[in-house]
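Have a look at the structure below, then the notes.
Chains as they are written, first to last, in the UniProt record's numbering: chain A, 1 to 329; chain B, 1 to 263; chain C, 1 to 263.
This is how it looks when you write it as structure tokens:
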């Protein structure tokens, strides 16, 4: 059924004639809307934030970070082909320094360090990403629920979070991992348990401020239930800071895992793992190459994720800042 | 006599094919003791005109043309020289007085900091000058007000304080960007009267940026109408409002509520 | 008088102040809204008019009194899902930049509301056409639109739900003066077309006068006066209403500040 439009008597419309009906004329004089990579896409109706992620990685740091991660992903995928030797085989003389035979030397059991560093990427990287995703998800949901419902729910969840915060991360993870017994799976559970509260805190405060915004209230007036309001109106609008936090925490997760492995609470030998390798290297201090190369591997990955996280944050921040000034002429 | 002369002022944002004109050959002049109102819809460039005079153009924009103030060219003026003018010879007040005052600093501190920076006078002299300015803008209990904080005042009083803060250095030009838009209508009249008085008494050149023709009709001497960065009409108040030459001006005035009042 | 759709009976509402103590935002307000009527609610900032809108939507809980809507009683919304019987009250908010979800396409936001209307008065394309937007607007996100356009989208969304009472809480306050009466008129016409009553809350009596059948004036939480629009405009009973009317600047180009004698 179509509404007859002639019944409206809205008087002259001075602005309409002078502007494109679909234009962004209100923002035309705004610095925030200055033409940039997103301008054309905006005109086509593509959401700005979807384009921003690649734009974010176009900063020098973002490119470096992205390239490093890409290299590591390739290494992880093709480790069996790239490895010059079997990472588990004790096929070489023990404690060989780097040289033509073993490019990065051998460890105290006569295994090729290069092969072990490369194949460790297959355990460390996916586990670190998984840990971060899982704790981000768990922490965000708990924090969002706490922020949205408030009162009793909020108290319970946030006091739990405070409890975790009260202990140094690595010590608590150690205690949990020790209680559960050594093994990669238990190390993951331990890291998950100690890392969700930081997401919960951020998610809670974001949701609390979003909850009272007019579009959320408008949704409630249209009869949205609480879960729907959270999922549809709130979640997409608070996701970006959490994503940034997640990217920045990948490095931290790898370090914590390395710490647990170092204490023999992570990957069970002989599975190659960067942290465990550093730990072995420390036991053989004179053979510096055993610890140095896995350590460098950890350093590059942690740095790369921090670079990506930094440029993501830089790219998302102005966007949130830009929405503020749009009301003035 | 002309105090401020804007001549062929253009502003572009972006570069190359993505460049857009925010201001296009804007020209008008402001004399001392007069209020020049710049009217236009959102995005017409009226605020950008005011900001260009203050040298506060947004990042990524480029201006050409000329803004002459007191025989000085402001376009291309270095940051140091501009800092010497801003707050001293050129002052500005904004739409939301609550947002333009620092919430954690006392009124006295905020009013005297820039005064002492520009004039180098002592703290006590600065305080008495600030109190005078507050008295002039009719803030009740000026000396007491210096010790208070912004949240202790109503919106109308905050705008008076913002005006006092703007005139304390005895500027020649005052740029008022939507100074009464955030105020209640019964408070608006008082602030308008204040602006008119200050303009007359201090021989200020006032650039009044607003989308409200009611405000312009009340206190402006000259009106400049802008549309999409271009000046479409300028002239004396009464003629511009009662007999607009440009169709756009006409449509703006006719779109106002109760426009039959003037006929 | 036509049958009443919304009844406010002795509504009082308190806010708890941070330092303890209470602030009475609304005091003993009784008001009736008839089916199909356009009622303007006018007052200055802090007079309690927005609190009244929240009370009617169930976003605040009255300390005393009751609100009836179409045979149902308005209860506080809390965290529960809004009862079906109350979905017939919809609101258009003041800030068009905050009232649309920035991450969802316009079409989705409107369609969701359309699903609530059993009578199917509108569909997506007829609604967009009714608020003067091209059909392609449905695929876009709110940031692609200007303030005025966003407010029209917000009106479309509120109407899509098939409300019996449409509330506008200062829906024109953040728009350009030139758009204000146009958007207000659009709201009135579309409410009438949809068979909804309109409670139009504004500080601007001049705009309200153009669209309202009756006007209610509020001051410091109390209803000062309720009456037919023209009667209120031409012969207001309350002194406060007179002050409000006299403070409106006339667009006559004569340079008269409201409240001062003509030169």
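The beta-carbon is built from N, C-alpha and C at its ideal position, and this holds for glycine as well. Model, not experiment: these values are computed from the prediction.
Contact set between residue 225 of chain A and chain C, taken where Cβ atoms lie within less than 7 Å: Per Cβ cutoff of 7 Å: 81.
Own chain residues within Cβ distance below 8 Å of residue 285 of chain B, not counting five before or after: Since the displayed chain B opens at 1 and closes at 263, residue 285 of chain B lies outside it and no answer follows.
Within-8 Å CB hit, residue 202 of chain C to chain A: The Cβ of residue 202 of chain C sits no closer than 8 Å to any Cβ of chain A.
Alpha-carbon to alpha-carbon, residue 172 of chain B and residue 269 of chain C: With chain C running from 1 to 263 in the structure shown, residue 269 of chain C is simply not present.
Pick from B/203, B/89 and B/184 that is closest to residue 155 of chain B, judged by C-alpha positions: B/184
Below-8 Å beta-carbon distance, residue 12 of chain B vs any chain C residue: no
CB contact flag (residue 254 of chain A, residue 301 of chain A, <8 Å): yes
Range covered by the alpha helix (DSSP H) that runs through residue 167 of chain B: DSSP places residue 167 of chain B in the uninterrupted alpha helix (DSSP H) bounded by 155–167.
Distance between residue 174 of chain C and residue 50 of chain A (C-alpha atoms, nearest Å): With a pLDDT of only 48 at residue 50 of chain A, under 50, the local geometry of the prediction cannot be trusted, and no value is derived from it.
Contact set between the region 229–255 of chain C and chain B, restricted to residues whose Cβ is under 7 Å from the partner: 243, 244, 247, 248, 249, 250, 251, 252, 253, 254 and 255
C-beta neighbour in chain C for residue 63 of chain B, strict 8 Å: no
Status (buried if at least 16 other CB within 10 Å, exposed otherwise) for residue 163 of chain A: Flag for residue 163 of chain A reads exposed.
Cβ neighbours of residue 50 of chain B in the same chain (closer than 8 Å, five flanking residues each side left out): 38, 92, 175, 177, 207 and 209
Partner residues on chain C for residue 220 of chain A, Cβ-Cβ distance less than 7 Å: 77 and 82
Residue-chain proximity (residue 171 of chain C, chain D), Cβ-Cβ < 8 Å: Of the protein chains in the structure, A, B and C, none is chain D.
Whole alpha helix (DSSP H) elements within the region 13–59 of chain B, 4-residue minimum: At a cut-off of 4 residues, the continuous stretches assigned as alpha helix (DSSP H) that sit fully inside the region 13–59 of chain B are 46–54.
CB contact check: residue 41 of chain B to chain C, cutoff 8 Å: At least one chain C Cβ lies under 8 Å of residue 41 of chain B.
Helix, strand or coil at residue 199 of chain B according to DSSP, with G and I counted as helix: helix
Within-8 Å CB hit, residue 213 of chain B to chain C: With 8 Å as the cut-off, residue 213 of chain B counts as an interface residue toward chain C.
Per DSSP, the bridge partner or partners of residue 34 of chain C: C/4
Below-8 Å beta-carbon distance, residue 47 of chain C vs any chain A residue: no
Which listed residue (C/190, C/254 and C/234) has its alpha carbon closest to that of residue 246 of chain C: C/234
Minimum Cβ-Cβ distance from residue 188 of chain B to chain C less than 8 Å: True, the Cβ-Cβ gap to chain C drops below 8 Å.
Proximity below 8 Å, CB of residue 214 of chain B to CB of residue 214 of chain C: no
is_contact[residue 257 of chain C, chain B] using C-beta, thresh 8 Å: With a threshold of 8 Å between beta carbons, residue 257 of chain C makes contact with chain B.
Coarse secondary structure for residue 233 of chain B, derived from DSSP in three states: strand
Residue 340 of chain B, DSSP secondary structure in three states: Shown here, chain B extends from 1 to 263; a query on residue 340 of chain B therefore has no answer.
Check whether residue 275 of chain A and residue 259 of chain A have beta carbons under 8 Å apart: yes
Test: residue 312 of chain A CB closer than 8 Å to a CB of chain C: no
Beta carbon proximity, residue 331 of chain A to chain C, threshold 8 Å: An answer regarding residue 331 of chain A cannot be provided, because it is not within the stretch 1 to 329 covered by chain A.
Host alpha helix (DSSP H) of residue 277 of chain A (start-end): 274–283
Limits of the beta strand (DSSP E) - the one that residue 214 of chain C falls within: 214–219
Given 8 Å, three or more beta-carbon pairs between the region 222–238 of chain A and the region 170–187 of chain A: Using a Cβ-Cβ distance cut-off of 8 Å, the region 222–238 of chain A and the region 170–187 of chain A are not in contact, since fewer than three pairs of beta carbons, one from each stretch, lie closer than that value.
Option nearest residue 146 of chain C by Cα separation, candidates C/52, C/95, C/227 and C/8: C/95
Exposure label - residue 44 of chain C; buried when at least 16 CB within 10 Å: buried
Residue 108 of chain C at chain B interface by Cβ criterion, 8 Å: no
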